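See structure below.
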Amino acid sequence: MYSRDPSSPTVEAYLDALTTVIKQLSKVYIVVDGLDELSSSSRRALLTTLLTLYEEGYISLFATSRDLPDISTRFHGCQTLERGLAAAKPQMVLYINAKMHNLVPQARSDRTLQSDIRRKVLSVARDRYQYVTAIMMMLAAENTLASLKLKLELLPSDLTGVYGLMMKKIEELPEEQSGVAKMALAWVLLAKRPLKSPELRHALAIKVEISELSEKEMPDIVEILALCGGLVVDDDTEGWKFCHISVTHYLQTLSRWFPDAKDAIATSCLAYLSLQTFRKEGRCSTNEKLKSRLTEYPFYSYAANYWAGHLSEVEEIPGESVCSFLTNENGVSSANQVMFMTVTVDDLSDPTCSYEIDHQLSGIHLAVHFELRSVLALLIQKEPRVISKDSRGRTPLWYATEINNDDAMRRLSTEDRVSFTRMLREGHMVLAESLLRAAGPLLRDPGLQTPLHAGTIMDNAHVMQFALQCGVDVNAKDAKGFTAFQYALQAGTVSAMNWLLKNSANVPDIRTEEWSRAYKMSHDFIVQLSGHRVGPKEVTFVPRDQIEEARVASHLDDVKQLYIFPQYQMWRADRAVDPCMMSQSPSLHYKCTHIPREDGDGTSLRYSLLSSVPISDGVDGKDGFQIEIKEMRIAWTMMIIPDGQGSSQWIPVEYYSTLPANSLPAGGADFLKALVKTMVEAWLKICTQIEDYLLHCRLNVLSANGQDLSLILRLLKDAQLGLYFVVISIIRVKLSKRFSLNIRSTPRKTWLRTTFRIYVLKLFAP
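Reminder that position 691 of the sequence shown reads as 691 in the UniProt record's numbering, one-by-one numbering, no gaps.
Below, the structure is given as structure tokens:
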């Protein structure tokens with residue numbers, strides 16, 4: 001049933017198949033020899049299945065085992081027969097006599113020595129039959145009569161000692177022979193399935209430095225058996241295996257004798273897959289050529305199917321070997337053809353067999369497929385084509401998402417900027433959600449837009465909500481510096497804007513007209529932005545006649561209100577600074593007003609600041625450079641709010657602004673800083689415009705050769721105006737640097753002194 005599947009079936013799969021077959025028969029007799037030689041987990045699974053079938057009447061069961069508690073318990077109540085040393089001794093003697101012919105020639109004819117061997121082996125073995133077999137293998141490996149007699153005098157008392165002596169003998173062989181023996185033992189122990197003789201010969205012959213194999217480099221089967229000292233046997237049906245299960249148990253300590261065994265096996269697989277013939281020719285074009293390849297290179301099927309399994313077991317990946325294989329397109333294509341093979345080698349001879357793999361994976365795809373984290377990390381560094389597609393058009397990230405490889409999704413998301421957007425565009429929402437769930441905060445498109453940007457631009461509420469649930473930052477910026485909220489504002493998608501604000505989207509400096517345009521409101525309305533600076537917010541539009549700035553509502557939480565006025569005239573000046581004060585003065589003006597609270601519990605403080613900035617409408621044909629002074633005003637209200645610890649503190653709760661662009665301030669100082677920044681930007685802009693205009697005037701005078709008196713007079717007039725504005729701007733900057741606001745008031749009989757110092761030197765830094 002597994003002839004078409006190169007992977008070994010699990011114990012559970014074997015037992016399921018056995019149960020299915022048994023239940024189709026009227027009566028089945030099962031004999032199990034050596035239950036104690038199975039691993040604990042396999043033994044438990046086998047006994048559970050067999051005893052269940054026995055109790056249901058499907059089978060009769062006969063089993064042999066040493067008297068182990070966990071086995072005896074399972075057979076409690078069943079008929080048992082115990083055989084001690086007396087019963088086992090005749091069989092042991094027969095076995096020892098049968099193996100005498102394997103000893104050195106002198107021992108075969110020495111009856112006294114043979115009698116001594118029987119006596120000493122039986123005295124140490126007691127009822128341990130496997131000990132007898134191990135001792136006879138050890139003695140058969142001795143090449144001289146003297147060494148045989150020495151081993152006979154020093155017989156170890158347990159199997160560990162026997163196998164230790166046999167391994168020590170292998171260690172004492174010449175380096176090349178010892179290496180072949182230990183590598184053969186490693187393959188028999190660690191192979192994912194038993195190897196056939198041709199496979200093992202090729203596996204032992206491959207080296208990293210060779211590009212092709214030759215027959216003379218391959219060890220002979222008889223040589224391998226001799227070098228391994230009888231520890232392994234060549235079974236024509238089952239492949240190479242250990243002579244006894246106890247050898248397998250002992251060689252779990254192989255790292256003691258061969259610490260790099262796993263590394264050597266993984267490297268051998270990669271080196272075989274990187275042979276020149278595969279790198280040069282790639283995949284086979286016909287079934288005949290494929291069969292010929294698998295016959296000529298018998299180890300190729302094993303290497304192609306199990307290289308990843310061996311590589312996953314090493315502590316440090318062999319980087320050079322990995323890259324040599326996985327970065328070679330032909331080599332990977334050739335391996336693809338075998339590792340995803342759906343027919344047997346014999347099927348390839350059938351003229352009616354039409355074999356073609358249904359997909360072709362690149363090296364990075366294979367690292368994703370086999371979940372090789374270290375290999376994937378290495379290939380991402382070495383291989384620039386992380387968005388290359390396989391034969392089905394899937395990038396490695398797309399493929400990782402399909403097979404739900406979370407680690408690969410996270411690693412590749414920082415490199416692949418196109419797959420997620422493509423999933424959304426093509427409607428693969430299940431894949432998009434899976435990728436978001438694994439790597440949400442890492443996903444960006446070529447313009448550095450996040451999935452939240454994508455959902456906002458698409459006006460897809462589900463994508464937006466899922467992106468936020470998966471950890472995408474609601475305030476992340478793309479390459480242009482725009483957040484998802486700014487795109488919603490530009491598009492005028494009210495539902496998206498409101499949802500983003502509710503989910504704590506920051507509001508950058510947004511111009512008043514942008515609010516009105518996005519929400520389709522006229523300029524007669526005042527924008528009210530409520531909420532937390534770094535928390536949920538809400539936007540409403542308040543008619544002008546509903547604004548009452550004389551009284552302050554009660555604020556028992558940290559919710560702030562920002563009222564944005566589209567033009568200065570909509571804001572009454574009777575409660576704050578007289579606008580006439582700005583006519584000639586270059587300084588900032590402020591005023592503090594006591595405002596009664598709505599709940600009647602004391603008063604609050606409102607700070608108002610007034611300034612002006614120059615605005616140019618361009619050049620007039622008669623009067624030259626035209627400048628208009630625009631007044632700007634901000635205000636904020638502070639009130640005492642309990643801090644939850646038995647005390648109270650002054651907190652700003654309401655803000656009023658006529659600035660061209662606004663966001664919720666962090667406090668009064670932050671609000672003042674926004675005003676100063678707007679002033680500085682306006683003054684710098686007007687100075688630049690004047691300089692450009694004066695340069696234009698100079699060019700006109702130059703082109704007229706100084707003959708046009710009106711041009712000269714205009715140049716002088718505009719130069720004087722420009723100098724005036726430069727002086728004013730310098731004064732403004734100095735005042736802004738030194739500006740401080742000192743206020744003293746007595747709400748609740750408490751003195752309050754607040755000082756704001758705004759340093760704007762950074763605004764002029766390059």
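From the three backbone atoms N, C-alpha and C, an ideal C-beta is built for every residue, glycine too. If you're wondering where the values come from, they're calculated on a predicted model, not measured in any experiment.
Asked	Found
Those residues which DSSP pairs with Lys-241 across a bridge	Val-233
At least three beta-carbon pairs within less than 8 Å, the stretch 200–207 to the stretch 263–279	yes
Spatially closest choice to Glu-513 from Thr-48, His-365, Phe-541, by CA coordinates	Phe-541
Top-ranked residue by Cα proximity to Glu-415, from Leu-431, Met-429, His-428, Gln-381	Gln-381
Secondary structure of Phe-62, DSSP reduced to three states	strand
Pro-652 - partner residues in DSSP beta bridges	Met-638
For Phe-75, three-class secondary structure by DSSP	coil
Residues bridged to Val-613 (per DSSP)	Lys-630
Cβ-Cβ distance between Met-136 and Ile-96 below 8 Å	yes
CA-to-CA distance, Trp-257 to Lys-169, given in whole angstroms	12 Å
Assigned exposure category for Arg-111 - 16 Cβ within 10 Å defines buried	exposed
Distance between His-696 and Arg-422 (C-alpha atoms, nearest Å)	51 Å
Cut-off 6 Å between Cβ atoms - residues of its own chain near Lys-389, not counting five sequence neighbours on either side	Thr-395
Cβ contact (3+ pairs, closer than 8 Å) linking the stretch 487–497 and the stretch 448–461	yes
Cβ-based burial, Ile-634 [other Cβ within 10 Å; buried from 16]	buried
Through-space distance from Asp-545 to Ser-657, alpha-carbon basis	17 Å
The stretch 276–292 / the stretch 235–244 touching (three or more Cβ pairs under 8 Å)	no
Cut-off 7 Å between Cβ atoms - residues of its own chain near Glu-199, not counting five sequence neighbours on either side	Pro-298, Phe-299, Tyr-302
Within 8 Å, strictly: CB atoms of Ser-608 and Lys-591	yes
Close-in-space but distant-in-sequence residues of the same chain around Ser-504 (CB under 7 Å, 5 per side omitted)	Val-474, Val-534, Gly-535, Pro-536
Close Cβ partners of Val-11 (< 7 Å) along its chain, the five nearest in sequence each way excluded	Ser-42, Ala-45
Sequence-distant residues of the same chain with beta carbon closer than 6 Å to Asp-407, five excluded per side	Arg-373
Unbroken beta strand (DSSP E) run spanning Thr-540, endpoints	537–543
Contact check, Val-463 vs Pro-446, beta carbons under 8 Å	no
Distance, Phe-420 Cα to Ile-595 Cα	54 Å
The beta strand (DSSP E) enclosing Val-31, as first and last residue numbers	28–32
Beta-carbon spacing of Met-632, Val-613 below 8 Å	yes
Gln-561, buried or exposed, once every other Cβ within 10 Å from all chains shown has been counted against 16	buried
Short Cβ contact (8 Å threshold) for Ser-663 with Ile-510	yes
Which residues DSSP lists as bridging Thr-593, in chain order	Arg-606
Opposing strand residues paired with Arg-511 [DSSP bridges]	Ala-661
Spatial neighbours of Thr-248 in its chain, beta-carbon cut-off 8 Å, leaving aside the 5 residues before and after	Leu-189, Phe-242
At least three beta-carbon pairs within less than 8 Å, the stretch 312–324 to the stretch 213–221	no
Whole-angstrom C-beta distance between Ile-317 and Leu-397, which should lie under 8 Å	Their Cβ separation, rounded to whole angstroms, is 21 Å, which puts Leu-397 and Ile-317 out of contact at 8 Å.
Straight-line Cα distance separating Asn-506 from Gly-531	11 Å
Buried versus exposed, by CB contacts within 10 Å (16 or more), Ile-224	buried
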